[in-house]
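S.K.: Quick one: the structure is below, and I'll ask about it shortly.
In the working numbering, the protein residues as written are 8 to 224.
Below you can see the structure in the form of structure tokens.
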């Protein structure tokens, strides 16, 4: 079968998911700070230079985040999304909002990252791109320590035509939707393992201690 993807991938659009309910954390993760900046700010600084447009799906957190980051207000690449499903379908609500917005973009792919994945560096995107192209896949998803990280992924934008009706039918599982399509997983190698998932207060305190030790060394 002829590969539907070219052997060169132009810059994708990006999506930061920052509107989750943060139940295990007990507070909004998007506003947690590391080294004086919110988790969302760290993600913006990492992703913005590598994408054509960067969407932020923050739901109820939009106003609070925008007020914290006035220095990003004039960047035309940064787009705050309206979630027409009101977050009712979890992270995929933000994904479908971004894929819908991509109708006005020349990008073919969407790089998805949750705000609570701290330390996802510039080397991750090329790994996802390479895996997607070499496997002629629709979705490339990151794995860390053998566990799939569905909110660290690269998606073909044509999937938007399938996602919206699937959500409207009452579905919401990220994994179930991914497995409707051709998906490949990408394992982080040792050079990219400074990635932390921050889900609980203990995770956050552990990361803060790690940062303190790094700055003291």
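Note that CB positions come from ideal geometry on N, CA and C, so glycine has one too. Please read all numbers here as calculations on a predicted model, not as lab measurements.
1) Can you tell me which of 205, 189, 136, 186 puts its alpha carbon nearest to the alpha carbon of residue 20?
2) Please tell me whether residue 55 and residue 119 are closer than 8 Å, where the distance is taken between their beta carbons.
3) Hey, would you say residue 148 sits closer than 8 Å to residue 125, going by beta carbons?
4) Tell me, which residues are paired with residue 162 by DSSP?
5) Beta-carbon within less than 7 Å of residue 127's beta-carbon, same chain only, minus the 5 sequence neighbours each way: which residues are those?
6) Give me the Cβ distance between residue 194 and residue 150, rounded to the nearest whole Å; I'm assuming they're in contact under 8 Å.
7) Please name the residue, chosen from 42, 85, 25, that lies closest to residue 212 on a Cα-to-Cα basis.
8) With 16 other CB atoms within 10 Å as the buried threshold, where does residue 133 fall?
9) Evaluate residue 236 with the Cβ neighbour count: other Cβ atoms within 10 Å of its Cβ, from every protein chain shown; 16 or more gives buried, anything less gives exposed.
10) Expressed to the nearest angstrom, what Euclidean distance is found between the alpha-carbon atoms of residue 38 and residue 68?
11) Between the C-alpha atoms of residue 198 and residue 166, what's the straight-line distance to the nearest angstrom?
12) Tell me which residues share the same chain as residue 162 and place their Cβ nearer than 6 Å to its Cβ, disregarding the 5 neighbours each side in the sequence.
13) Measure from the alpha carbon of residue 75 to the alpha carbon of each residue in 187, 174, 47, then state which is nearest.
14) With a cut-off of 8 Å, does the C-beta of residue 160 fall near any C-beta of chain C?
15) Of all the options 177, 141, 175, which has the alpha carbon lying nearest to the alpha carbon of residue 190?
M.R.: By the coordinates alone:
1) Closest by alpha carbon: 136.
2) No, they are not a contact pair.
3) No.
4) DSSP lists 117, 146 as partners of residue 162.
5) If we look at residue 127 and ignore the five residues flanking it on each side, its Cβ neighbours are 53, 120, 159, 202.
6) Sure, about 5 Å apart at Cβ, within 8 Å.
7) For residue 212, the nearest C-alpha among the options comes from 42.
8) Residue 133 is exposed by the Cβ-count criterion.
9) Residue 236 is absent from the structure shown; the chain starts at 8 and stops at 224.
10) Each residue's alpha carbon lies about 9 Å from the other.
11) Any reading at residue 198 needs caution, since the residue's pLDDT is 47, under 50, leaving its predicted position unreliable; the model's value is listed next. Cα to Cα, residue 198 sits roughly 31 Å from residue 166.
12) The answer, listed in chain order, is 117, 146.
13) The residue among 187, 174, 47 with its C-alpha nearest the C-alpha of residue 75 is 47.
14) The chain labelled as chain C is not found in the depicted structure, where only one protein chain is given.
15) The candidate whose alpha carbon is nearest that of residue 190 is 141.
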